[in-house]
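The numbering used here applies: residue 207 is where the sequence shown begins, and numbers increase by one. These notes concern the structure reproduced below.
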Amino acid sequence: MPIERIRNFSIIAHIDHGKTTLSDRLLETTETITQRQKQDQLLDSMDLERERGITIKSHPVTMRYHAKDGQYYKLNLLDTPGHVDFSYEVSRSLAACEGALLLVDAAQGVEAQTVANVHLAMAQNLQVIPVINKIDLPSADLPKVKRQLEDILAIPAEEAIEASAKMGIGIIDILEAVVARVPPPDEPKDEYLRALVFDSVYDSFRGVVSYVRVMSGEMRRGTGIRMFSTNKNYEVKEVGIFTPKQLAQDSLGPGDVGYIIANMKSSTEVKIGDTITESKNPAPSPLGGFKEIQPMVFAGIYPVSSDDFEQLKLAMGKLQINDAALTFQAESSAALGFGFRCGFLGLLHMEIVQERLRREYDMDVISTYPGVVYEVTKTNGEFLTVDNPSHLPDPQEIEEIREPMVRVFIMVPNDYMGEIMQLVMEKRGQLTNTETLDDTRVLLTFLMPLNEILVDFNDKLKSLTRGYGSMDYEHAGYQAAKLVKMDMLISGEPVDAFSCIVHRDKAESRGRHLASKLKEVIPKQLFVVAIQAAIGGKIIARETISAMRKNVTAKCYGGDITRKRKLLEKQKEGKKRMKSIGKVNIPQEAFIEVLKTTN
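Given below as C-alpha cells:
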C-alpha cells in the first residue's frame, strides 16, 4: 500500500474515559475482527488488565478501512494506558505516531491526566483530534466539555467529534477524521533502514518479539540488522503486523507498524526506544527524540523462601524485557536474605510488577517499604545518590540531604478545596498556583516531596473528593530538607528491613506506628523485649513486649514462704542470663505482616 494511504495514530485519555472500548468498536467497524472473536477489552491481553479495568501495556493493531472517498487505507492504532504511572508507555507509543485521538468523558470533562497527555502529544508535534465520548450518559454535559476543551487545552470546540464507544455512535466519523486529519508518514529521505523499537515482549518459544515502527527502508525475512545501542548484529526470522493477533507478512516498509522476531534470546539485548538499521548498509545516525526512563520509587523485593532466589532472578529478567522502566540489582539483607533492589515509576507500577511475579511466574515475594532516591553531600565534599536507607552515611558525615520534588497538578471541585489544602499541608506541600477552570472546578498546582505522595496520597485525594478529584505529577528537581535515617531496634539490635529515611518532624509518629505494629506481630519471648525507634543514638519511640511467665511456684502447697522466694529468685537469675545472651528471632510472617500494613 502506498505510504500516503497509511495512518498511524494512538488514543490518549485520562484513566477510565473509554479508550479500550473505543478501540474495540474501531476493530469491529473496520471488520478487523469477526463477530466470533468479539469480546470486551479485546486489546487488553493480560488478566490483570481485564480485572482492574486498566491498560498497562500499549497494544498495536493494524486495520484496513474502506473510506467514503472509495480508497482503502491502512490504519495503525496504538491503544495506550491512561494511568499516571504508565505515562512512559504513552510517550514511546506517541513517538511511533503522526496523530492522536484525544478522548474526553462527556460527564467528567477534562481531567488532570488529559492535560498531561495532550502536552505529550503536542511535544511530539502530533495532530490531535478531540473526541467527546459517552454522550449517551444522562449526566453528559456537552457545552461544558466544549468550553473546557477551548479554555484548558486551547483546542477549538468545533473540531470535536461527539461519540459513544459503548453504543457505537460516531465511530465512522472518527475513522473519517483519522483519514482526513492525521497526516500520512513522511516520505523517507533516503533508502537506509531505520526502525524505532517502541515495545517488546518475551515469547518462551521464539525469544524476543520487538514491536517496531519502520521510518525508512524495508525489512523482510533474512535481513541482517544491527541495534544502534549495543552494536550487535542479528538476522530477521519473521516480520508481521497485528490483527490484533500476530500475522506474518513478506515485508515491512516505510510507515508500517508491526513486529519482528530476530535471533535475540535474552531480555538485555533489546532496548526500548532503540533504532534498528541494516548491518551491511547501516544508517549514519539513530532516530532522535526518545528519552531514557528514570525510576522514581525504589523498594526491595525478596522471595519468601530464599531457595527461590534464582527463579526470581529469571522472572525479573523476563519482566524487564517488556517493561523498560523496571530496573533491579541484587542485594542482601540480614533479615530477609538475598533479593533485589528494584526501581519503579510509581506505586501502581510496583503493585503491578509484584502481582505479575505472583501470577505469571508463581513467585511468592515480599517487598520492603518504598523509598525514593536522595542526593547526599558529605562534609568532605563527596557527592552520593542513595536509594537504600542502609547506604546512608553516619549523621556526622552528612553536610546536606536533598530529596526529589514533584509538581503536582490536582483538579478538584471548588467545594473540596479546603480539605485538599489541609491534606497537602500534612504532606509538606506548598501551593504555587490556583487556576479556575469553570464554574465548578479549580486546578491547583503544588510543589511536594515525592516521598510524601508515594503511599496513600491518591487514595486520600479520591476519598476526600468522593472520587471527583484527579491528579498528575511531573518531576521538579531536588530540594534540601531535614531528613534523618530512622532505625528500628529489637532488643537493641537494628533490623535493616524496617529502616527508612524520614523527615525529622514526622519521625516520631512514624516510629510509634511501626513500633506498635511490630509489638502486635512479634511473638512473646521468655524475657522482656524492647522495640525502639532510634535516630542515631537517640530513642524516639518505644514499645515493650512483656515476658512469658512460667509459674515456678505451682508445686509449692503452703509451707515456708522462703521456698517460693528461692524459686522466684532462681527464675529471675535465669531470665537475666537469658536476656544477656538471648536473641529475638523474628518470624518471616512478622516481616510480611508489617511490610504489608506499612506499604
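Where is the CB? At the ideal position from N, CA and C, for every residue including glycine.
Other residues of its chain near residue i: CB distance less than 6 Å, five sequence neighbours each side excluded
i	result
Y271	T236, Y279, L281 and L381
F615	A318, T651 and D678
E641	L649
L590	V582
R710	K688 and V690
C762	R769 and K770
S539	D702 and A703
Q738	L695, I745 and R748
H220	G288, E317, Q319 and T320
G413	M470 and K471
G461	I209, I212 and P391
Beta-bridge partners of residue i, as assigned by DSSP
i	result
G464	V418
H272	Y278
G305	F215 and Q333
A687	In DSSP, A687 forms no bridge with anything.
I572	Y508
Y398	In DSSP, Y398 forms no bridge with anything.
T642	V648
C548	A505 and F534
T750	A736
F589	T583
Backbone CA spacing between residue i and residue j [nearest angstrom]
i	j	result
R400	K519	33 Å
T574	I367	47 Å
R579	E561	In the sequence as displayed, the identity of residue 579 is Val instead of Arg. Straight-line Cα distance between these residues: approximately 24 Å.
P336	V612	29 Å
V700	E603	It is worth fixing the name first, because residue 700 is Pro in this sequence and not Val. Distance between the alpha carbons of P700 and E603: 20 Å.
S511	D342	52 Å
V476	I466	12 Å
K471	V442	13 Å
P391	G545	46 Å
D662	L773	53 Å
G430	I482	10 Å
S216	G428	30 Å
L228	S705	46 Å
A468	N487	18 Å
Q314	E632	28 Å
V559	L525	8 Å
K438	H681	34 Å
S491	E393	18 Å
K778	T671	57 Å
L598	E605	12 Å
F534	G549	6 Å
I361	A383	15 Å
A329	D645	30 Å
Pair within 7 Å by beta-carbon distance, residue i and residue j
i	j	result
L649	M677	no
R419	V463	yes
A312	K340	yes
M153	I741	Because the chain in this structure spans residues 207 to 805, residue 153 falls outside the shown range and cannot be described.
A273	V385	yes
Y567	A531	no
R634	P655	yes
Y398	A489	yes
A686	R608	yes
Residues near residue i in its chain [Cβ-Cβ closer than 7 Å; skip 5 each side]
i	result
D480	V403, M433, F434 and S435
E714	I746 and A747
G259	In this predicted model, G259 has a pLDDT of only 43, less than 50, meaning its place in the structure is not dependable; the value taken from the coordinates is given anyway. Excluding sequence neighbours, G259 sits near nothing in its chain.
D409	V415
R231	A371, G374 and I377
Q354	G315, V316, L643 and D644
G459	V420 and E424
Buried or exposed (CB count within 10 angstroms, at least 16 for buried), residue i
i	result
P576	buried
F411	exposed
K225	buried
G673	exposed
S669	exposed
R564	exposed
M207	exposed
D405	buried
S345	exposed
L348	exposed
E389	The residue asked about is misnamed: residue 389 is Pro in this sequence, not Glu. Exposed: under 16 other Cβ atoms inside 10 Å.
Contacts around residue i, its chain only, beta-carbon distance under 8 Å, and the 5 residues preceding and following it disregarded
i	result
A327	I218, L300, A306, L308 and V334
N594	F504, G506, E537, R547 and G577
I378	T235
K352	I338, A363 and A366
Residue i Cβ short of 6 Å to the ligand GTP heavy atom set
i	result
I478	Only the bare structure without any ligand can be found here, which leaves the ligand GTP out of the picture.
Chain D within 7 Å of residue i, Cβ atoms only
i	result
L629	The chain inventory of the structure shown lacks chain D, comprising one protein chain alone.
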